[in-house]
Amino acid sequence: MLGYVIRRILLAVFVLWGVSTVVFIIVRLVPADPALLIAGDTATADQLAALRNQMGLDRPPLVQYGSFLGGVVTGDFGSSYTQSVPAMQLVAQALPNTALLAFLAVLGALVVSFPLGVVAAVRVNRPIDRIVTTGSLIVQALPSFWIGVVLLLIFSRTLKWLPSADLTSAQSLILPTTVLALPLIALLTRLIRSGLIEVNGEGYINTARAKGMREPAILFTHAIRNALIPIITVVGLAFGTLLGGAVVTETVFSFPGIGKLLVSSIHVRDYSVVQACVIVIAAAFVLINLLVDLLYAYLDPRVRLAK
Amino acid sequence: MTEVSLLKVQNLRVSYPIHSSILQRRIGENMAVKDVNFTISAGQTVGLVGESGSGKSTVARTIIGLEKADGGRIEFEGRDITQSTRTELKALRRDMQMVFQDPFASLNPRLSVQEIIVEPWLAHPDVVPKNRRASEAKALMDRVGLNPDYASRFPHQFSGGQRQRIGIARALALQPKLIICDEAVSALDVSVQAQVLNLLDDLKQEFNLAYLFISHDLSVIEHICDRVLVLNGGVVVEEGTPRELFENPQDDYTKRLFAAVPVIRPWLNGASSKPAGTIPRY
Amino acid sequence: MTTAPTTSAAPAMTKARRSRWGVHTRTLVPCAIIALIAVGAIFVPVLYGYDPLRVDLADRLKPPGSVLPNGSIAVFGTDQIGSDLFAQMMAGARVSLIIGAATLAIAGVIGVLIGMLAGYYGGWLDTVLMRVADIQLAFPAILLAVLLAAVLGQGVLNVIIVLSISNWVVFARIARSQVLALKDREYVEAARTLGLGNFHIIFRTLLPGSLPPILVVGTVELGHVVLAEAALSFLGVGVPMGTASLGSTIANGVQYLSTAWWISTLPGVLLLLLVLATGVLGDAVRDRLDPRLRSL
Amino acid sequence: MTEQLVADSRRAQSPLLSVRDLQVEFTTSAGIARALDGVSFDVQAGETLAILGESGSGKSVTSQAIMALLPKPAGSIVGGSILYDGIDLAKEPVSRVRDLCATDIAMIFQDPLSSLNPVFRIGDQVAEPFRRRLGMGKKEALARALELLKRVGIADAERRISNYPHQFSGGQRQRIMIAMAIALKPRILIADEPTTALDVTVQAQIMRLLAELQAETGMAMILISHDLGVVADSASRVAIMYAGRIIETGGIREVYDHPQHPYTKGLLDSIPGAHAMGEPLRPIVGSPPNLLDLPAGCAFHPRCPIAVPECRAAVPSLREPEGAALGHHVACIRAEEVRSHD
């Protein structure tokens, strides 16, 4: 187990390094000259050179890379040229909002999908199962930005029930959370259903039956635990989709989270903020998956007790 | 045993590496085969028996080239094949073939029976010229007791015993001198197993084949082998003719192994005079 | 050996039989929908003489079914610059399908090739592939696409490149896992003992065996790629101005949500239909080719 | 002779379990397979009945039908009865049959690894019947589980009770399964291929353990196997199955020494090592039939060396052939023609 934990942590560190490096390379590929963007078209060659020197753009790439990595470690991604504050400060303001949104979405998705998946599995191939599976298939195909727009149209513009923007009240969280949770609900429902069906064919379920246990007791002791362990990993990976989905959802609802910050920064080519956003989102994702992997290992004795 | 041996295995050692859990570095090894020596002469059947983990399948897989030996020599007709290059090995494959355990997994489900039997000739095109391959494949099917009219059927349309016959036909396609049977009849029902054992016996006479026969089933080994090696923990603990081993085992492990073999009619041979329904002998 | 094969196979087989008709329908209907959209995408913009850059302010924001001054009927209405929404949606579907097909071809071929080689040979190639995949998985797919698109700039080719880069790993992983699962099968080992070369084993033995799940993934990925393109265009980092895209049409309509609901809603329905068709098709293909892949 | 008398007096009592004309069908994509077709047998208290057969013969389906473990919805009992203690298990709802499981009828399976839940400690799994069925507290149930684990020969049971299934060897796992099965002192233990997945030396130990436990508790056993040798020591009676029917049944010595059905005789002749070395085996020709497409009449006739045209006419029912011992029944119209070869 200890070896497994150490390996996972090393891997997470490696992935973070890889992510940072990829971001560094991609951002350096930008055709536009950041100095030119900041100084504007009217700047003289001298002003540009001075700015380049100040931003470290005239140094050799390797040196830039080194100070960039140093910045990643200390959380210093330079200043936003549009708002003249450290990029990290903007990210730090936006991050809690997104975290709240993501947390509510995952919680909501679990609460909704769990009973749906269990019911579908218990009544497999019956009408209720067909409704649940078809429903989740449709929900999975919904473009999240579009469903956001449609919900906005129905609840905010037409019915005027819910506010559309800002983080002014708890109500304003309802629509973005719903949009974010929908694909996750569909995915988890399908996974819980198929996981339970698969586990149902295992030998130990028959053993439990031969021990005289009733089906509900078997479902809630023997089946669920075995079916859920692999699903935990998927939930971790789904966080990636969720954080990605936040980029779109926050834009639709003008929700002041890290996704909206990212998109608006891309539009104004504020690359220090873009870098900070991407790396922070990736780091959050890596961290969550690390925790999920450890939880997985803890729950499955075959991994926990492996030498 | 004065004739030149077909296969000679000397001090064979095979291990699987153990990797550290952190950086996946190789930190040790698990010895599957520690020290195995034996020879097979042309036309002879040698049996390897042992329980799971004894290393018997590893020996077979190393000889055929599916695993790498860590030490020792494997000589085929006097040539050391552990040091062979790829092209030399390819030539050797013609003389040495294998019949696998699982008749459901050992045939490519996407190929027809004829394609399966012809496949060896794609690797060794000189064995049978292209225009005669279809008819030769059918002749082989006929030889192993399959209806040649079924040449275009797929493996899933056959029963376990029939599939094992297809596997035998594929092994025969290259006219080998040695066939390694790795638990080749273990997955078959008794009545079908007997058919396949008889087929293997007939083919041996007809083509002067030698067999290396790997099995956990001592009665099968006793039936088909000229010599038997008992493997335990990667080492040969005893060797002899089946009669010697069954009637007078010397090694402790061999004694235990043979004593545990179920007897069909325990009430007949006096070893057990207990009435049925009580504690079985050990 | 112990239980009759009937007992273990029977439940799956009953299910298969019960849903055989279903599988048939579930294959045909989505295929028909995709084909219909494809035909529409090819011909409708031509028939309507659709020009994304033409502005016709007199025809702005006409609701669905309006008769335009030139006598034609705008079945789905017109948008904020007066162009026919139906023609625009079909032109957008054309872009979606072109980008989807091209991305699948590029990402599929490269991913499958690398995945199979990595799975077969193992060693450093496999280690590198798996680490690259780990890093790439740490970027939520849309994030990587947004970042790349922002750097590369807008353009259909750029979107294809961006989506290929963010999708090849999916194919590489499934191909690799298939090869790993098949590599130790006895029939593959049998091919090795026959003296068949690596090329033959990889492309003649392993590839056909690996195809079913790859096809399933490919079908489902088509939907994902179409969605991703629309999302990129919606965010304004996808196809450039002047190229129709369902995503940018939806984005353009957001401002007019209270006055002209159809601009944003209708293209979304088309998008949903297209993605749903690929999802259903993927499920049907999976059931048909290999019921064991259910949980994928 | 005394043995025979004891057996006879037992038979006079009403049997513990009585299966009558049991019919089970499986719905497959290719059609309906009759997995069991008129299976009848009795199990007396304290005896061991071996049910033998090759793949597809229906031997495991029989045990699944008794325990209400037939895979749903494909498999179902379509006729006959399974009488236990005055109740017809074939007609009772599944939940009622489950109530009898473990307390009256218990079962162990072929693969002890997949039969144990990988995520629970073995102590908890063995204690489960005590907690769920007898409502014992955790501590008490675990204490009982420990006793059982010691009894089935798990060394160092005090420590190992909190280990997980993957930490045990195959033979130990089967011992744990046995401990779980005998926890509530069942009157019948069904063992479905209990040693098939095990090495031969371990197999001998498990068979010995089962026989010891039977002697201690007086429970009846149904041993299901494809291996005629494994059951020879412990079973008193055998039933040989072919294509969903019992084709021969009787005392084990009687059936093995004087087989009266050509299939039984063929099976015995097919076993290597059962006769002189070097002699070719005398296998049964052909393959077992497809349950979806059974031959008319006796299902064995296409493979039978002594088949006559009448064999095709009707399915032969079990009968006591002339000269056979009491209780030796054979489903063959030419049973008298089959000569034993001992």
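Line order of the protein sequences matches chains A, B, C and D. First residue of the first sequence: 4, per our numbering; consecutive thereafter. First residue of the second sequence: 7, per our numbering; consecutive thereafter. First residue of the third sequence: 1134, per our numbering; consecutive thereafter. First residue of the fourth sequence: 1479, per our numbering; consecutive thereafter. Heads up, the beta-carbon is just placed ideally off N, CA and C, and yes, glycines get one too. Here the structure is a predicted model, which is why all the values come from computation and not from measurement.
Integer Cβ distance of residue i from residue j, believed to fall under 8 Å
{"i": "F80(A)", "j": "A90(A)", "result": "4 Å"}
{"i": "A75(B)", "j": "R19(B)", "result": "7 Å"}
{"i": "V1289(C)", "j": "T1376(C)", "result": "6 Å"}
{"i": "I221(A)", "j": "I234(A)", "result": "Not confirmed; about 18 Å, so no contact."}
{"i": "Y1389(C)", "j": "Q1221(C)", "result": "Not confirmed; about 14 Å, so no contact."}
{"i": "S83(A)", "j": "S275(A)", "result": "6 Å"}
{"i": "C231(B)", "j": "P248(B)", "result": "6 Å"}
{"i": "A1393(C)", "j": "G1380(C)", "result": "Between G1380(C) and A1393(C) the Cβ distance is about 18 Å, and since that is not below 8 Å, they are no contact."}
{"i": "G53(B)", "j": "F219(B)", "result": "5 Å"}
Beta carbon proximity, residue i to chain A, threshold 7 Å
{"i": "L1296(C)", "result": "no"}
{"i": "L1230(C)", "result": "no"}
{"i": "F1504(D)", "result": "no"}
{"i": "D1189(C)", "result": "no"}
Residues that residue i contacts on chain D, provided the C-beta gap is smaller than 7 Å
{"i": "K214(A)", "result": "C1579, A1580, E1606, P1607, M1658"}
{"i": "R228(A)", "result": "V1597"}
Neighbour flag for residue i against chain C, beta carbons, 7 Å
{"i": "A123(A)", "result": "no"}
{"i": "P146(A)", "result": "yes"}
{"i": "L170(A)", "result": "Here L170(A) scores only 49 on pLDDT, less than 50, and its place in the model should not be relied on; the value that follows carries that caveat. Not closer than 7 Å to any Cβ of chain C, the Cβ of L170(A) fails to qualify, so no."}
{"i": "I80(B)", "result": "no"}
{"i": "R99(B)", "result": "yes"}
{"i": "K210(B)", "result": "no"}
Interface partners of residue i on chain A, CB under 9 Å
{"i": "L1594(D)", "result": "G206, Y207, T210"}
{"i": "D1589(D)", "result": "G206"}
Chain A residues whose Cβ lies nearer than 8 Å to that of residue i
{"i": "M1545(D)", "result": "R212, A213"}
{"i": "R1576(D)", "result": "R212, G215, M216, R217"}
{"i": "F1304(C)", "result": "Within chain A, no residue comes near F1304(C); the closest Cβ sits about 17 Å away, beyond 8 Å."}
Chain B contact for residue i (CB, 7 Å cutoff)
{"i": "P1345(C)", "result": "no"}
{"i": "R1264(C)", "result": "no"}
{"i": "Y1254(C)", "result": "no"}
{"i": "T1326(C)", "result": "yes"}
{"i": "A1377(C)", "result": "no"}
{"i": "V1716(D)", "result": "no"}
{"i": "I1762(D)", "result": "yes"}
Counterpart residues of residue i in DSSP-defined beta bridges
{"i": "R307(A)", "result": "According to DSSP, R307(A) bridges with nothing at all."}
{"i": "T1505(D)", "result": "I1510(D)"}
{"i": "R1609(D)", "result": "DSSP output for R1609(D) lists no bridge partner at all."}
{"i": "L1290(C)", "result": "In DSSP, L1290(C) forms no bridge with anything."}
{"i": "R1576(D)", "result": "In DSSP, R1576(D) forms no bridge with anything."}
{"i": "G1728(D)", "result": "V1716(D)"}
{"i": "K14(B)", "result": "T45(B), E81(B)"}
Residues that residue i contacts on chain C, provided the C-beta gap is smaller than 7 Å
{"i": "N114(B)", "result": "Y1320, T1338"}
Residue-chain proximity (residue i, chain D), Cβ-Cβ < 7 Å
{"i": "R305(A)", "result": "yes"}
{"i": "R157(B)", "result": "Inspection of the sequence shows that residue 157(B) is occupied by Ala rather than by Arg. No, its Cβ sits nowhere closer than 7 Å to a Cβ of chain D."}
Proximal chain D residues relative to residue i, where beta-carbon distance stays under 9 Å
{"i": "L222(A)", "result": "In chain order: nothing, as chain D lies at least about 13 Å away."}
{"i": "L308(A)", "result": "N1641, Y1642, H1644, Q1645"}
Chain C contact residues for residue i, given Cβ-Cβ distances below 9 Å
{"i": "L140(A)", "result": "L1409, G1412, V1413, D1416"}
Contact list for residue i against chain A, beta-carbon separation under 7 Å
{"i": "S1573(D)", "result": "R217"}
{"i": "A1584(D)", "result": "A213"}
* If you pair each beta-carbon of the region 1796 to 1807 of chain D with each one of the region 1755 to 1768 of chain D, do three or more pairs fall below 8 Å? -> Three or more Cβ pairs closer than 8 Å define a contact, and the region 1796 to 1807 of chain D falls short of that threshold against the region 1755 to 1768 of chain D.
* Can we say the region 68 to 77 of chain A touches the region 249 to 262 of chain A, given the rule of at least three CB pairs closer than 8 Å? -> Not touching, per the Cβ criterion.
* Asked: Any chance the region 165 to 175 of chain B sits against the region 82 to 91 of chain B, with 3 or more Cβ pairs inside 8 Å?
  -> They do not touch, by the three-pair rule.
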